[in-house]
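Residue 283 in our numbering sits at position 283 of the sequence shown, with consecutive numbering throughout.
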Amino acid sequence: MRILGISDHIISGAAVLEDGKVIAAVNEERLVRRKMVMGFPRKSIQKVLELAKVRPDQIDCVAIASKRGHFLNDYVEFEAGTFGISRGLVKGLFMSLGSGLSFLRNDVPILEKLYYELREPAYAHRRNATKKVLREEFDIVAPVEFIEHHFAHACSAFYSSGYRDALVATMDASGDGSSSHMYQVKNGRWELLHRVASFDSLASYYAYVTHICGFKAGKHEGKITGLAAYGKDSYRDIIERFVCYRDGTVINQGKLFYKSALKKMREALPLDFSKKDLAATIQLIAEEITTKYIRHWLERTQEHNVGLAGGLFANVKINQRVHEIPGVQSVFVHPAMSDEGLAVGASLALNYLKSPDPSTLESRCFDHVYLGPDYSESYVQRMLAAEGINYQRHSQVEEEIARLIADGYVVARFAGRMEYGPRALGNRSILYRPDDPSVNDWLNKNLKRTEFMPFAPSTIAEDADRYFLGLDGARETARYMTITFDCTEQMRKECPGVVHVDNTARPQLVSERDNPSYYRIIKAFRKLTGRSSIINTSFNIHEEPIVCTPEDALRAFKIGHLDYLALGSFVAEHPQVQSREREPVRNVSI
Ligand SMILES: [Fe+2]
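As C-alpha cells, then:
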C-alpha cells in the first residue's frame, strides 16, 4: 500500500510510505528556501512523488496531519503564526479573545468548546480545499484522511523506534486542541491513556520564556536550552506559579495563554531579570515536569521503552533526563520530532488504521534518514563549470576531506540524499576539527548565527563509549543527534570544542551501515589524529534552511567564508581562503 503523507502548517512537508516503509520525505522550507515556512506543500508533494518514482494514480490513500487547521494556500512566514500577533484579522481575533478569556477556562468549560466550534467552518474549508488541490493540481483522487495531530506525532516516534511495546509520549505547544498525548502500545496495539489540553501546555511556557528573553518563540528554544547551562534557577518560585506537574498531568496554574501569559510573566519578573537565570529556571522546571509526568505513566503501565515526539522533545537535555528516569531501559526520539515530522507520522498512523494487525508491522519505518533529494555527479560538475569554480576530483574524497579537517580547515560537505528532519547528519554538513574550544565564537560569527549550544560531534559509533557516559538504551536515538550525554574525561581532553559548559554533548553516532562515506571520513580523521569525533554543524547560513541543492550549497559556501566545499567527489577551495592561522590537529596517540 502506498500512502502520501502531508503536513500543511508549520514546517509543512510530504512523505511517501510504501508497505510501512518511508521511501521519501522532504519539507517545503528546503525547497522554497524559507525557514519553517507554513502552507500547503505543493513542491514537497511533487518532490516525494518524483523521488519515490510514483505516479499520482499509484497512490492508494492520502494522510493529512491534523484534523483542525486553516487552509493556507499561500506560504506564511513562521513568525506570523507566533502568539497570533499577525495572523490575519479573524485568526488574530480568536487568539486574542482566547488569550483574554483564558482565566475563565476551567470555570466555564463551554468556552473552549466554543473556541473550536466557531472555527469549524474554516476547518471544513481546509478539508474541501485540500481535496480539490490534490485532485485538480496533482491528479490524486485517492481517499483522503485527516489524522489527529498527536497521534501522527506518536506514530512517528513508535514506528521509527523498533519497539514492539512502549510508552509513547507526545508534548508540544499545541495541536488539535492538545499539548500532550500519552499512549501505551502493546504488541502493536495503541491505547490512549491520557491527554493534556493545549491550554495546559508546558511547551508554550517554554516558548513564552524564549520570547521574554528576546528570541523568536517556537523557533529559538534551542538557544534557551544552551543558555540555561550558564545560569541558576533563581526564578523558580515565580515560574512554578504559572506551570506545574500534578497527579499525572501538566497544569497551567497561571490560567493564562499567549499574550496574557507573556504580560503576567513579564510583570512577575524583576525589571532587570537575568536572561541566563530565567533560561536555567524554565529548563530545569521543564525537565522536572516532563520526567515526573512520564515517570507516572511508566509506573502505571510498567513499560520500559519510551518513544518521544512533539516539539518539546527537540530539547536534547529533556531527552537526557527522560533516559535517566529509573526503570527506563530505552528511549527513542523521532529524528524529526517537531511538526516537520508530521507528514511521515500521518502516513504511519493511516497505515496502522488501515491494517492494525501487528503481524503486518515492519520493524522500523526507515533504516536511516537520508530520504530527501540527491543530485548526480554530472549535474554537480556541470554546475561547477557553469559557475567558473576551480575544483579537483578525488577518487578517495573521504580521505581528502579528513586530511583537510586534520590540517585545520573548515569543510562544507554536500553528498548523497538530503537528511529528513532538522539535523544535518553528514550529507549537508559543515565539518571541522573537534579540539578548538574557540570555534563556537568565530565559526558562528562567519555563519551569522547566535548560538549558546556548542557544535555537536559526529562520532564513530563503535568508539562512542570512550567519549560518552550512559549510552546504553539510547544508542539508536543518538544516531540522529536527538539527546545529550555526559562526557568522559577523554572527551573533554580530546574534543573540547564540542563539550558544553555543563559537560554534555549531543552526538551523532555514525556507523558504516548508516552512512558509509561519512563514516569513512571520520575513520580517516581518526587515523590521522587519534580522535574519533569531528564537529558537524548544519550547512546553512543565518536563518536560512539547510542547503538542499548544489546551487544552495555553493551560495552558502561563498557567503559563509568556509575554506573548502566538497560536492560529491569534487573539492573546491574558497577563492578567498581566510587568513586565520591553521595548524594541523595534534595526534593524541603520539
Ligand atoms: Fe506538534
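Glycine included, every Cβ here is placed at the ideal spot set by N, Cα and C.
*Report all residues from its chain with a CB closer than 7 Å to the CB of Leu447; omit the five preceding and five following residues, and keep chain order.*
Reading the sequence shown from its first residue, position 447 is the one you call residue 447. So the list reads Ile541, His542, Gly560, once near-sequence residues are dropped.
*Along the chain, where does the beta strand (DSSP E) that runs through Asp237 open and close?*
Working through the sequence shown from its first residue, we reach residue 237 at position 237. Where Asp237 is concerned, there is no enclosing beta strand (DSSP E), although the alpha helix (DSSP H) it sits in stretches over 236-239.
*Does Glu400 come within less than 8 Å of chain B when only Cβ atoms are used?*
This model lacks chain B altogether, as it is built from one protein chain only.
*Taking Ile546 as the reference, which of Arg479, Tyr420, Phe452 has the closest Cα?*
As a first step, residue 546 is located in the sequence shown; it is residue number 546 there, counting from the start. Ranking the options by Cα distance to Ile546, first place goes to Tyr420.
*Mind checking whether Gln381 and Phe570 have CB atoms under 8 Å apart?*
Looking up residue 381 in the sequence shown gives position 381. Looking up residue 570 in the sequence shown gives position 570. For Gln381 and Phe570, yes; Cβs fall inside 8 Å.
*Buried or exposed: which applies to Gly84, given that a residue is buried once 16 or more other Cβ atoms fall within 10 Å of its Cβ?*
For the purposes of this step, residue 84 is taken as residue 84 along the sequence shown, with counting starting at 1. The predicted model places Gly84 with a pLDDT of 45, which falls under 50 and marks its position as unreliable; any figure quoted below should be read in that light. By the 10 Å Cβ count, Gly84 comes out buried.
*Quick one: grab the DSSP three-state call for Leu371.*
Residue 371 sits at position 371 when you count from the first residue of the sequence shown. Reduced to three states, the DSSP call for Leu371 is coil.
*asked:* Helix, strand or coil for His323? Go by DSSP, reduced to three states.
replied: For the purposes of this step, residue 323 is identified with residue 323 of the sequence shown, where counting begins at 1. Reduced to three states, the DSSP call for His323 is helix.
*asked:* Three Cβ pairs or more, each shorter than 8 Å: is that satisfied between the segment 400-413 and the segment 527-535?
replied: yes
*Would you list the residues sitting across from Thr504 in a DSSP beta bridge?*
Position 504 of the sequence shown, counted from the start, is the residue given in the question as residue 504. Paired residue(s): Asp486.
*CA-to-CA distance, Ile10 to Arg34, given in whole angstroms*: Along the sequence shown, one-based indexing puts residue 34 at 34. Along the sequence shown, one-based indexing puts residue 10 at 10. The straight-line gap from Cα to Cα measures roughly 11 Å.
*With distances taken Cα to Cα, identify the nearest neighbour of Gln184 among His194, Ser517, Ser274, Thr290.*
Along the sequence shown, one-based indexing puts residue 184 at 184. Closest option to Gln184, Cα to Cα, is His194.
*beta strand (DSSP E) segment containing Val439, residue limits*: On the sequence shown, position 439 is the one that residue 439 refers to. Note, Val439: premise wrong, no beta strand (DSSP E); alpha helix (DSSP H) at 439-446.
_Once the 5 residues before and after Ala14 are set aside, which same chain residues still bring their CB inside 6 Å of it?_
The sequence position of residue 14 within the sequence shown is 14, counting from 1. The residues are Ile6, Pro41, Ser44, Ile45, Val48, Ala343.
*asked:* Rounding to the nearest angstrom, what Cα-Cα distance links Ile251 and Ser201 in this structure?
replied: Position 251 of the sequence shown, counted from the first residue, corresponds to residue 251. Position 201 of the sequence shown, counted from the first residue, corresponds to residue 201. Their backbone Cα atoms lie some 8 Å apart in a straight line.
*Secondary structure of Gly310, DSSP reduced to three states*: Within the sequence shown, numbered from 1, the residue matching residue 310 stands at position 310. In this structure, Gly310 counts as coil in the three-state DSSP scheme.
*State the DSSP-derived secondary structure class of Val498, mapped to helix, strand or coil.*
Here residue 498 refers to the residue found at position 498 when the sequence shown is read from its first residue. Helix, per DSSP.
*asked:* Suppose contacts are defined by Cβ-Cβ distances below 8 Å. Is Leu592 in contact with Ile212 by that definition?
replied: The structure shown does not extend to residue 592, since the chain spans only 1 to 590, so no value can be given for it.
*Alpha carbon to alpha carbon, how far is Ser66 from Ser86? Give it in angstroms, no decimals.*
What you label residue 86 is simply residue 86 of the sequence shown in a count that begins at 1. What you label residue 66 is simply residue 66 of the sequence shown in a count that begins at 1. Here Ser86 scores only 48 on pLDDT, less than 50, and its place in the model should not be relied on; the value that follows carries that caveat. Rounded to whole angstroms, Ser86 to Ser66 spans 22 Å at the Cα level.
*Is His153 near ligand 2, going by C-beta to nearest heavy atom under 7 Å?*
This structure simply doesn't include ligand 2; it includes ligand 1 instead.
_Endpoints, the alpha helix (DSSP H) within which Pro121 is located_ = The residue given as residue 121 occupies position 121 in the sequence shown. Per DSSP, the continuous alpha helix (DSSP H) segment holding Pro121 begins and ends at 120-138.
_Unbroken beta strand (DSSP E) run spanning Glu573, endpoints_ = Position 573 of the sequence shown holds residue 573. Unbroken beta strand (DSSP E) run through Glu573: 570-573.
_Does Pro270 pass the burial test, meaning 16 or more other C-beta atoms within 10 Å, or should it be called exposed?_
In the sequence shown, counting from the first residue as 1, residue 270 sits at position 270. By the neighbour-count rule (16 or more Cβ atoms within 10 Å), Pro270 is not buried but exposed.
_Quick check: does the Cβ of His149 come within less than 7 Å of any heavy atom belonging to ligand 1?_
As a first step, residue 149 must be located in the sequence shown, where it is residue number 149. Yes, the beta carbon of His149 sits closer than 7 Å to at least one heavy atom of ligand 1.
*Which stretch, first to last residue, makes up the alpha helix (DSSP H) that contains Ser156?*
Numbered from its first residue, the sequence shown carries residue 156 at position 156. Where Ser156 is concerned, the enclosing alpha helix (DSSP H) stretches over 149-161.
*For Gly162, collect the residues of the same chain with a Cβ closer than 8 Å to its Cβ; drop the 5 residues on either side in sequence, then sort them by chain order.*
In the sequence shown, counting from the first residue as 1, residue 162 sits at position 162. Around Gly162: Phe332, Ser363, Arg364, Glu476.
_Between the alpha carbons of Arg520 and Glu512, how many angstroms are there, rounded?_
Counting from one through the sequence shown, the residue named residue 520 turns up at place 520. Counting from one through the sequence shown, the residue named residue 512 turns up at place 512. If I take the Cα positions, the gap works out to 8 Å.
_Lys292 and Tyr245 closer than 8 Å at C-beta_ = The residue you call residue 292 lines up with position 292 of the sequence shown. The residue you call residue 245 lines up with position 245 of the sequence shown. The answer is yes: Cβ separation under 8 Å.
_Are there any heavy atoms of ligand 1 lying less than 7 Å away from the beta-carbon of Asp139, as far as the coordinates show?_
Start at 1 with the first residue of the sequence shown, and residue 139 comes out as number 139. Incorrect: Asp139 has no Cβ contact closer than 7 Å to ligand 1.
*Taking only heavy atoms of ligand 1 into account, decide whether any of them is closer than 7 Å to the Cβ of Lys374.*
Here residue 374 corresponds to residue number 374 of the sequence shown, with the count starting at 1. Checking the sequence, you will find Asp at residue 374 rather than Lys. No; taking the cut-off as 7 Å, the Cβ of Asp374 has no heavy atom of ligand 1 nearer than that.
*asked:* Please classify Asn27 as buried or exposed, where buried requires at least 16 neighbouring CB atoms within 10 angstroms.
replied: As a first step, residue 27 must be located in the sequence shown, where it is residue number 27. Under this definition Asn27 is a buried residue.
*Range of the contiguous beta strand (DSSP E) that encloses Asn27*: Translated into the one-based positions of the sequence shown, residue 27 becomes position 27. First-last of the beta strand (DSSP E) with Asn27: 21-27.
*Taking DSSP as the reference, what is the three-state secondary structure of Asp514?*
Residue mapping note: residue 514 aligns to position 514 of the sequence shown, counting from 1. Of the three classes helix, strand and coil, the one that applies to Asp514 here is coil, per DSSP.
*Name all residues in chain order for which at least one heavy atom of ligand 1 lies closer than 5 Å to the residue's CB.*
Asp172, Gly175, Asp339
*Of the residues Ala461, Val501, Ile285, Ile3, which one's Cα is nearest the Cα of Pro507?*
As a working mapping, residue 507 is identified with position 507 in the sequence shown. Checking every option, the nearest Cα to that of Pro507 belongs to Ala461.
_Meets three-Cβ-pair contact criterion under 8 Å: the segment 474-493 and the segment 271-289_ = With a cut-off of 8 Å, the segment 271-289 and the segment 474-493 do not count as touching, because too few Cβ pairs lie within range.
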